[in-house]
Amino acid sequence: MSELYIGVMSGTSLDGIDIVLCEIDDDSFELINSEEYVFDEDLKNDILNAIHSKVSLKSIGELDTKLGEIYAKTINDFIQKNEIDKDTITAIGLHGQTLWHQPNGEYPFSMQLANSSLITTITDVSVVSDFRQKDIALGGQGAPLTPAFHKYIFSRLDAKVAVVNIGGMANISLLGEKLIGYDTGCGNVLLDLWISKNKKEKYDKDGEWAKSGTVIEKFLKQMLDDKYFSLPAPKSTGREYFNQAWLDDKLSHCLKLEPQDIQATLLALSVKSITNEVKKTDTNMLIICGGGVKNKALMESLHVELQNIQVVSSDECGVSSDFMEAMAFAWLAYKRMHKQKVELKTVTGARENSILGCIYE
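The sequence shown runs -18 to 342 under my numbering.
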């Protein structure tokens, strides 16, 4: 028997909160409603400050509560707007906002703020969150988690499929006999940082500014020579690595470049770091989802680089590119509520597949 779940996602791009209502059972999945809520600029700045600056425990605690209140408010608004009976919702699958992802080293962890206790109190709906830590406890990367959902949702396709989600970071899912997935590197994050710094715009609409520039091949090679791109899978990354400091370091080794040429080269970096990985496989169909689908210049470049592969958006396969990740966390909540293990050990490197997420009744 199918059940209703809400999925909530806010990613490394920090562009907003995606919320979905889905009807799910073991064999079927349907997106019923979806909505995007734009992040308040002050909240976005608070999150970036927490990631990139020295902050107090007090400010982290307050940010956790602030995010909890905003998540709860948007969820309640979504429920009211779509006239959803709360009693019909089994649970909310909540990713939370990542502050720091460090799955390697002596003390591995991944920190997402959300204050799930506050959210379940305000919404009066059970919340499932904290999906990454169990995988990390089992020696895995704790990311990416979406490949398991990609396999579930696209297994019907008669092709050698790869799925790439392009958000702040980009990750790839290879849907072969053995499921493989990992972060290829930066998606939109450096493009957004650079245009924000130079033109005070949130993002490069359709990649038009990048198209006005020229790719600087020497600079592109220098960035692609970064150690992350040569690491073997499993691997994952985030803003704690690919950020303004990373870009400034790479630029410090170059002669002065025109801002639009840097933007063009950053777009080429996103494209090359994805296509270099796709070319290592026997993929004949590449499905793109996430915010990167809206960047026409990026999508055109992917087509040029992968002329022998069918490159499509997930929308063309009947699955929303905008709400793919929110849908995935609704599905992960379903898996947790039914005590089903998520098959991710071949993706993250965990010792075994496990039940992921904590339930806040």
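Just so you know, even glycine gets a beta-carbon here, dropped at the ideal spot from N, CA and C.
Residue interval of the alpha helix (DSSP H) (run including residue i)
i: residue 251; result: 240 to 259
i: residue 61; result: 38 to 62
i: residue 164; result: No alpha helix (DSSP H) holds residue 164; the beta strand (DSSP E) holding it covers 160 to 167.
i: residue 10; result: Note, residue 10: premise wrong, no alpha helix (DSSP H); beta strand (DSSP E) at 10 to 19.
i: residue 150; result: From DSSP, residue 150 is part of no alpha helix (DSSP H) but of the beta strand (DSSP E) over 150 to 156.
i: residue 325; result: Note, residue 325: premise wrong, no alpha helix (DSSP H); not H, not E.
i: residue 278; result: 277 to 286
i: residue 127; result: 127 to 135
i: residue 30; result: 22 to 33
i: residue 142; result: No alpha helix (DSSP H) contains residue 142, which is instead part of the beta strand (DSSP E) from 142 to 147.
i: residue 172; result: 170 to 180
Distance between residue j and residue i (C-alpha atoms, nearest Å)
i: residue 194; j: residue 242; result: 4 Å
i: residue -13; j: residue 311; result: 5 Å
i: residue 400; j: residue 146; result: Residue 400 cannot be examined here, being either before or after the span of the chain that is shown, -18 to 342.
i: residue 70; j: residue 156; result: 31 Å
i: residue 113; j: residue 317; result: 13 Å
i: residue 341; j: residue 104; result: 12 Å
i: residue 2; j: residue 319; result: 18 Å
i: residue 83; j: residue 226; result: 17 Å
i: residue 36; j: residue 47; result: 16 Å
i: residue 185; j: residue 191; result: 8 Å
i: residue 52; j: residue 248; result: 32 Å
i: residue 179; j: residue 296; result: 32 Å
i: residue 19; j: residue 160; result: 33 Å
i: residue 261; j: residue 255; result: 11 Å
i: residue 314; j: residue 79; result: 18 Å
i: residue 299; j: residue 172; result: 28 Å
i: residue 9; j: residue 244; result: 41 Å
i: residue -3; j: residue 304; result: 12 Å
i: residue 224; j: residue 25; result: 15 Å
i: residue 132; j: residue 68; result: 30 Å
Residue i vs residue j beta-carbon contact at 8 Å
i: residue 246; j: residue 200; result: yes
i: residue 107; j: residue 339; result: no
i: residue 329; j: residue 121; result: yes
i: residue 99; j: residue 168; result: no
i: residue -9; j: residue 125; result: no
i: residue 153; j: residue 143; result: yes
i: residue 238; j: residue 176; result: no
i: residue 16; j: residue 28; result: no
i: residue 63; j: residue 14; result: yes
i: residue 45; j: residue 94; result: yes
i: residue 271; j: residue 148; result: yes
i: residue 129; j: residue 324; result: yes
i: residue 12; j: residue 302; result: no
i: residue 228; j: residue 174; result: yes
i: residue 331; j: residue 7; result: no
Cβ-based burial, residue i [other Cβ within 10 Å; buried from 16]
i: residue 308; result: buried
i: residue 163; result: buried
i: residue 170; result: buried
i: residue 349; result: Because the chain is modelled from -18 through 342, residue 349 falls outside the range shown and cannot be assessed.
i: residue -18; result: exposed
i: residue 140; result: exposed
i: residue 42; result: exposed
i: residue 306; result: buried
i: residue 61; result: exposed
i: residue 206; result: exposed
i: residue 58; result: exposed
i: residue 23; result: exposed
i: residue 326; result: buried
Sequence-distant residues of the same chain with beta carbon closer than 8 Å to residue i, five excluded per side
i: residue 81; result: 32, 90, 91, 92, 219, 221
i: residue 252; result: 279, 282, 283, 286
i: residue 290; result: 259, 264, 265, 266, 267
Endpoints, beta strand (DSSP E) assigned at residue i
i: residue 2; result: -3 to 5
i: residue 72; result: 70 to 75
i: residue 103; result: Careful: residue 103 lies outside any beta strand (DSSP E), inside the alpha helix (DSSP H) at 97 to 104.
i: residue -16; result: -16 to -10
i: residue 90; result: 90 to 94
i: residue 341; result: 339 to 341
Own chain, CB closer than 7 Å to residue i, minus 5 neighbours either side, in chain order
i: residue 322; result: 334, 335, 336
i: residue 231; result: 203, 204
i: residue 234; result: 203
i: residue 77; result: 93, 94, 95, 110
i: residue 188; result: 248, 276, 277, 278, 279
Residue-chain proximity (residue i, chain D), Cβ-Cβ < 8 Å
i: residue 203; result: Absent here is chain D; the protein component of the structure consists of one chain.
6 Å Cβ shell around residue i - same chain, five flanking residues per side excluded
i: residue 269; result: 145, 294
i: residue 56; result: 104
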